[in-house]
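What follows is a short report on a single structure.
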Amino acid sequence: MLGPWSPLRIRIFRALWIAGLVSNIGTFMHIASAAWTMTTLSDSPTLVGLVQTAWAVPGFLLALYAGAFADMVDRRRLISAASFLALVIAAALAILQWSGGLTAELLILGTFLESVALTLSAPAFMAITPELVDTERLPQAIGLDAVSRNIAQSIGPAFAGAIIAAINPGAVFALNAISFVGI
Numbered sequence: 078m079l080g081p082w083s084p085l086r087i088r089i090f091r092a093l094w095i096a097g098l099v100s101n102i103g104t105f106m107h108i109a110s111a112a113w114t115m116t117t118l119s120d121s122p123t124l125v126g127l128v129q130t131a132w133a134v135p136g137f138l139l140a141l142y143a144g145a146f147a148d149m150v151d152r153r154r155l156i157s158a159a160s161f162l163a164l165v166i167a168a169a170l171a172i173l174q175w176s177g178g179l180t181a182e183l184l185i186l187g188t189f190l191e192s193v194a195l196t197l198s199a200p201a202f203m204a205i206t207p208e209l210v211d212t213e214r215l216p217q218a219i220g221l222d223a224v225s226r227n228i229a230q231s232i233g234p235a236f237a238g239a240i241i242a243a244i245n246p247g248a249v250f251a252l253n254a255i256s257f258v259g260i
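For the sequence shown, the working numbering assigns the number 78 to the initial residue and increments by one for each residue that follows.
Below, the structure written as structure tokens:
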């Protein structure tokens, strides 16, 4: 019987798992930082709520289509292209925040577009796991993917809060951009 960490012995799975963990941490940092940033751009609770809506809507609207799309294209290219797009968007948000050019509308738009990119790549990311590990290790690999997401969801917002307090929200957006480099 193989242990729960056995898929990490496979180099390509380990590399993708670590890159995914780092990217997911950056993504959850972005979500927390975007909400905080909106409170500095506007006193409107509606706009703060729209940041979360902008993040969630692509998942509701595109998830089914994203799965079909991921089955029709090269998964590795889709993951790379979506990660590059998310990197560019996060970097643009960082630059806009640092330069004082970030508006509520641009924050909502950037958050929405990053969510679209990641929603389109999520099914490909999940579907690539069986290509990287043997069937004997597949249950453990799927479990590790869930562990990665849960770790990121737990610590990403905390990291964002610490970085916002120590530096500013632009640093969080910049680190989120960097988090996509490994993918």
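No residue lacks a Cβ here, since even glycine has one placed at the ideal position from N, Cα and C.
Remember, predicted model here, so these are calculated numbers, not experimental data.
Check	Outcome
Is it true that the CB of Ser-110 sits closer than 9 Å to the CB of Ala-227?	Correcting the residue type first, residue 227 is Asn in the shown sequence and not Ala. Not closer than 9 Å, so no.
Output needed for Pro-81: all residues of its chain with C-beta closer than 7 Å, excluding positions within five of it in sequence on either side, in chain order.	Gln-217 and Gly-220
In angstroms, rounded to a whole number, what distance separates the CA positions of Thr-188 and Pro-122?	17 Å
So, at 6 Å on beta carbons, what are the nonlocal neighbours of Ser-83 in its own chain, with the 5 sequence-adjacent residues on each side left out?	Arg-214 and Gln-217
Does the distance from the C-beta atom of Ala-131 to that of Ser-192 stay below 9 Å?	yes
Between Ala-169 and the rest of its own chain, which residues show a CB-CB distance below 7 Å, the 5 nearest in sequence each way excluded?	Gly-187
If I measure Cβ to Cβ from Ala-251 and keep anything under 6 Å in the same chain, skipping five residues before and after, which residues do I get?	Ala-171
Of the choices Ser-100, Ile-156 and Ile-108, whose alpha-carbon is the least far from that of Leu-197?	Ile-156
The alpha helix (DSSP H) spanning Thr-206 covers which residue range?	206–209
May I have the straight-line CA-CA distance separating Ser-100 from Thr-212, to the nearest angstrom?	26 Å
My output table needs one value for Ser-121: the three-state DSSP class, helix, strand or coil.	coil
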